[in-house]
Each structure stands twice: as structure tokens, then as C-alpha cells.
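Working notes, beginning with the structure itself.
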Amino acid sequence: MPNPLIVPMAAHVAWAAFLYVLLTIARAPAVWGIGRRPDGGNPWAKLEPRISANLSNQFEWPLFFHVACVLLIVARDIGPLPQMLAWIFIAGRVLHSVVQICTANVRLRGLVFMVNFLAVLALWAVVVGRSLLA
């Protein structure tokens, strides 16, 4: 049975891979000419920068998520709380991507990001708390 934190970590990797595929598709008309409009334009031109920005976001705050998970895995100290926080983080990442790519609503994006932010802070509180009690 896999470690319970490996699955949400792998889910984030899969999500980032999906975003790479999406970005490749969005860039295909401009890069390879595949899917160009009859006028030569890229039908994905408005979404491409949003996808690109969101993909970059997958390597910023999520770094702290992955480090906290690795520390808990190494410590062999994983209970239900870290698992729940990890899945909240993953759900928040997916929702953040959808909001950032599909809308221009910065306020909503900030609220959704707060879910990710707080989940990782709580995960780090677990790491630090368990470290201090060890």
C-alpha cells in the first residue's frame, strides 16, 4: 500500500503534467500552425498566457507542500490530519487553475489561493508541532 501522502503528491505532479499538455495545445497554432483560424490567428491566444502563468504557479507555493509531505513521510508520522490537508491542497490547486485559466476574476483567484495557502501552513504546523514533541 503506498504511503498516504504519495498519492496527493503524485496527483499534483499529474495536474502539472496536464497543464503542460494544455499549454502545448494552446501554443500549437502559433508554433506548428496546427489548429490556426482561417485568418491565421491562434484561437487559444487569450488562454495561452493564463495557462502559462498557472503552470508557473505550480512550482512556487506547492514546493512547500511537497517538502512538508516528504518530511512527514521520512518521519513515518502520517495521521488523518496531514492526509486531509494534502487533499484540500490538491483540490484547491485544481480549483485555482480553473479560476485562473477560465476567468479574469482576480478576487476569486485570491480567495481560492487562500485555501492552498492555509492548507500548506497547517501542514507545516503539523510538521513543526510533531518535531517539537518528538
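In my numbering, the protein residues as written are 56 to 189. Even for Gly, the Cβ is constructed at its ideal location relative to N, Cα and C.
Counted within 10 angstroms of its Cβ, other Cβ atoms place residue i as buried (16 or more) or exposed
i      : result
Ile81  : According to the sequence shown, residue 81 is Ala rather than Ile. The residue is buried, with at least 16 neighbouring Cβ atoms inside 10 Å.
Cys124 : buried
Ser111 : exposed
Ala174 : buried
Val182 : buried
Gly165 : exposed
CB of residue i within 9 Å of CB of residue j, strictly
i      : j      : result
Pro59  : Ile133 : yes
Arg92  : Gln155 : no
Phe119 : Trp179 : yes
Leu78  : Glu103 : yes
Leu127 : Pro137 : yes
Ala141 : Pro63  : yes
Ala108 : Ser186 : no
8 Å CB neighbourhood of residue i in its chain, flanking five on each side removed
i      : result
Leu150 : Val167 and Val170
Same chain, Cβ closer than 7 Å to residue i, neighbours up to 5 away in sequence not counted
i      : result
Gly163 : This sequence places Leu at residue 163; Gly is not what is there. Excluding positions up to five away in sequence, the list reads Val154.
Asn160 : Val154
Own chain partners of residue i with C-beta closer than 6 Å, once the 5 adjacent residues on each side are dropped
i      : result
Trp99  : Ala81
Asn97  : Pro84 and Ala85
Ser191 : The displayed coordinates of the chain run from 56 to 189. Any statement about residue 191 would go beyond what the structure contains.
DSSP-derived helix/strand/coil call for residue i
i      : result
Leu136 : helix
Trp70  : helix
Thr158 : coil
Ile145 : helix
Ile89  : coil
Arg131 : coil
Ala100 : coil
Leu150 : helix
Interface flag, residue i vs chain B, CB-CB below 9 Å
i     : result
His67 : Here chain B cannot be found, since the structure has a single protein chain.
Anticipated Cβ contact below 8 Å, residue i with residue j, distance rounded
i      : j      : result
Leu176 : Gln113 : In fact, because the Cβ distance is near 18 Å, the residues do not count as touching under 8 Å.
Ile145 : His67  : 6 Å
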